[in-house]
Each structure stands twice: as structure tokens, then as C-alpha cells.
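Undergrad:
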Amino acid sequence: MNLPSSVPDVVDVLTLSAAEPLPGATALAIEIPHGATGDWEYHAVASRLRSGLPASLIDFFHVNTDSGAAEIAVALAEQLCTRGTVTHVVIVRSRIPRTFIDCNRVLGADAATYRAGGVTPGVPPWIVDPEDHAWLLARYTAYQGVAKQALAAVCNAGGRALLLHTYAPRSVDVEVSPDIVADLHAAYAPEQVERWPLRPEIDLIFRTPEGDQALPAPTVAALAAAFAGVGLTLAEGLTYPLHPVTTGFAHVTAWPGRVACVEVRRDLLTEAFVPFRQVQVDTARAARVATAFAEWIAGGWA
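Going left to right, the sequence shown walks through residues 1 to 302 as the working numbering numbers them.
1) Over the uninterrupted beta strand (DSSP E) stretch that includes T15, give me the two end residues.
2) How many angstroms separate the CA atom of W196 from the CA atom of P169?
3) Please state the DSSP three-state secondary structure of D59.
4) Taking C-beta to C-beta, are D110 and V123 nearer than 9 Å?
5) Tell me the residue span of the alpha helix (DSSP H) that contains D132.
6) What does the Cβ neighbour count give for E20, buried or exposed, with the cut at 16 atoms within 10 Å?
7) Output needed for H133: all residues of its chain with C-beta closer than 8 Å, excluding positions within five of it in sequence on either side, in chain order.
8) Consult DSSP for Q79 and reduce its assignment to one of helix, strand or coil.
9) With a CB to CB cut of under 6 Å and the five nearest residues on each side skipped, what residues in its chain are close to T120?
10) Please report how far the alpha carbon of S56 lies from the alpha carbon of A217, in whole angstroms.
11) Does the count of Cβ pairs from the stretch 30-38 and the stretch 176-196 closer than 8 Å reach three?
12) Counting along the chain, where does the alpha helix (DSSP H) carrying I180 start and finish?
13) Answer with buried or exposed for T99, where buried requires no fewer than 16 other C-beta atoms within 10 angstroms of its C-beta.
14) Any idea if L198 is buried or exposed, counting beta-carbon neighbours within 10 angstroms, 16 or more meaning buried?
15) Quick one: complete alpha helix (DSSP H) runs, 4+ long, within the stretch 12-51?
16) Please return the same chain residues whose Cβ sits closer than 8 Å to the Cβ of A25, not counting the five positions on each side in sequence.
17) Hey, V279 and F273 are a contact pair by Cβ (cut 8 Å); roughly how many whole angstroms apart?
18) When DSSP labels each residue in this structure, what does E236 get in the three-state scheme?
19) Please name the residue in T82, V262 and A186 whose C-alpha comes closest to that of T233.
20) Assuming Y42 contacts P97 (C-beta within less than 8 Å), just tell me the rounded distance between them.
21) I'd like to confirm something about A161: is its beta-carbon nearer than 8 Å to some heavy atom of the ligand ADP, or not?
22) Look up A250 in the DSSP assignment and say whether it is helix, strand or coil.
23) For E71, which of helix, strand or coil comes out of DSSP?
Below is the structure:
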């Protein structure tokens with residue numbers, strides 16, 4: 001299997017292998033396009049840019065990045081390899097903060113198209129310097145090359161792929177603008193935050209804007225049962241659609257029935273979710289989510 005290598009500060013590729021795979025076992029790829037979650041990752045890029053960034057933009061970074069996804073991925077890989085459910089697991093993790101360019105976006109769409117998909121823009125409005133844009137685009141392109149190669153290697157050989165995301169507990173309707181930090185702090189004020197809708201614990205992003213479903217009903221039911229087994233509830237595309245403006249859409253449609261995109265609510269992965277701070281992921285909570293995925297992959301993802 002022709003797997004790609006890591007690219008420093010762009011993408012990490014981690015492969016775990018089963019010592020004794022069960023008969024018929026195949027590989028699993030896990031893509032984490034929003035995998036940059038640490039303060040240092042934000043500052044490493046921000047310090048390089050010439051564009052004038054909004055003050056305290058790191059607050060938006062922490063609310064918006066997919067903290068906990070990597071911990072779930074590693075726990076899932078370990079469980080699957082221990083059980084022999086897979087031959088190996090390939091984890092592809094972006095190290096590019098989505099605050100500056102989003103590795104789960106098709107670039108170049110207009111604002112209305114991104115809004116229609118219920119997603120933030122591919123390149124935010126504060127990236128205005130041409131050199132910044134070119135530098136970020138080069139990193140984005142490198143990431144896409146690695147992610148596509150890894151998913152193709154696994155899925156073309158009969159394996160499956162999980163596109164893994166986490167989201168903040170509440171759906172806060174704030175425009176991505178140079179005022180985003182002030183607007184977010186206003187939205188998260190104690191007297192305001194609970195008016196925003198609470199998101200599903202787990203959401204399977206599998207329904208297109210036209211209503212087509214990327215996974216068959218029995219497979220979806222099996223995933224719901226697996227999460228119910230660990231005390232969590234699966235929603236079926238309630239948060240936003242599987243939209244063509246995301247790169248995830250291309251992955252899901254390239255291998256019908258064998259690629260799943262899932263969101264996990266971030267407060268389920270930590271003792272206390274605190275906005276604007278780096279999430280302290282609890283490994284036991286991440287393992288709980290991983291257990292549900294492992295059960296599904298072992299028997300229900302047909």
C-alpha cells in the first residue's frame with residue numbers, strides 16, 4: 001500500500017498495525033482536517049503572517065478547532081488493532097490552524113455558498129496579504145495531496161475512511177468577520193450563551209443538500225446502536241449538510257458507503273468546556289467515543 005509521509009508543520013501521518021488481523025480485515029483511514037489544536041500551532045503560523053490579524057484571534061481558534069479528534073482517533077486505532085478488526089489504521093492529521101486556511105474547504109467559493117453549507121469560509125477575511133495567501137495555499141495544497149493519497153490507498157484497496165471532527169457544544173451564529181472575537185465574547189456571555197441551540201452529542205454528516213444519503217439506513221442504524229451502547233445519542237445530519245463546498249464531500253462521494261463524516265460534541269471529551277481556552281482532553285472520555293466507533297466498524301459498517 002502506497003502511503004504518504006508526514007510533512008513537518010503541515011500534516012502528521014501515523015500508522016498503527018494489528019499484530020494478528022482477523023480474516024477479511026481491511027485498513028481504516030482517519031482524516032482530521034482540523035487537527036491543529038495547540039497554542040503553539042496557532043502562534044507558529046500567526047507570527048509568520050504579514051496580514052493584520054484581529055486582536056486575540058486565538059480565542060476564535062480555540063472555539064473553532066477540533067480539539068479531541070486526534071485523541072479519539074488514536075484510541076480508536078489502538079482498540080481496532082488490538083482486536084484485529086483492521087490490518088492497520090492510517091491517521092492523517094492537519095497541523096495547519098483552520099483560523100488561517102481551512103483544510104476541509106474547497107477554496108474560492110463565495111460567501112453565500114459557504115453560508116449555504118453551514119460552514120466557515122476557506123480563507124478568512126483577515127488574510128489580505130498576497131504573500132500570506134500564497135504561503136498558506138502552498139501548505140493547504142501539500143495537506144490535500146497527503147490526505148487524498150492516504151484515503152485513496154486505503155479505500156481503493158477495499159478499506160474504509162472516517163472523517164473525524166469535533167464541534168463546540170452550542171451552535172453560535174456569529175459572522176466570520178474582523179470583529180469575530182468581540183462578537184464571540186458577546187455570544188458566550190453568561191447571560192447569552194444558553195440561548196444558542198445545543199448541538200447533538202454525535203452527528204453523522206451524511207445527507208447532501210438535495211437530500212441524498214451517503215450511507216445506507218442499516219449502516220446508520222448500526223452506528224446509532226453503537227453509540228447508544230456507550231450512552232450517547234447519534235443525530236442524522238441535524239447540524240449541517242454534507243456540502244460540496246467541503247473536501248469531505250468529495251471523499252464521501254468518491255467511495256460510496258465506505259467513507260463516513262462524523263462530528264463529536266467537544267464537551268463530551270473534557271471535564272469542563274471553557275470557551276477561548278485550549279481544551280484539556282480527557283483520555284477516558286475520548287476512549288468512550290472510540291469504543292462506539294470500534295463496535296460499529298467491527299460489525300455494523302457493512
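For each residue, glycine too, the CB sits at the ideal point set by N, CA and C.
TA: Concretely, from the data shown:
1) V11 to S17
2) 9 Å
3) helix
4) no
5) P130 to C155
6) exposed
7) V123 and I127
8) helix
9) V176
10) 44 Å
11) no
12) I180 to A187
13) buried
14) exposed
15) 39-46
16) A18, G84, T85, V86 and T87
17) 7 Å
18) strand
19) V262
20) 5 Å
21) The model on display carries no ligand, and the ligand ADP is accordingly not part of it.
22) helix
23) helix
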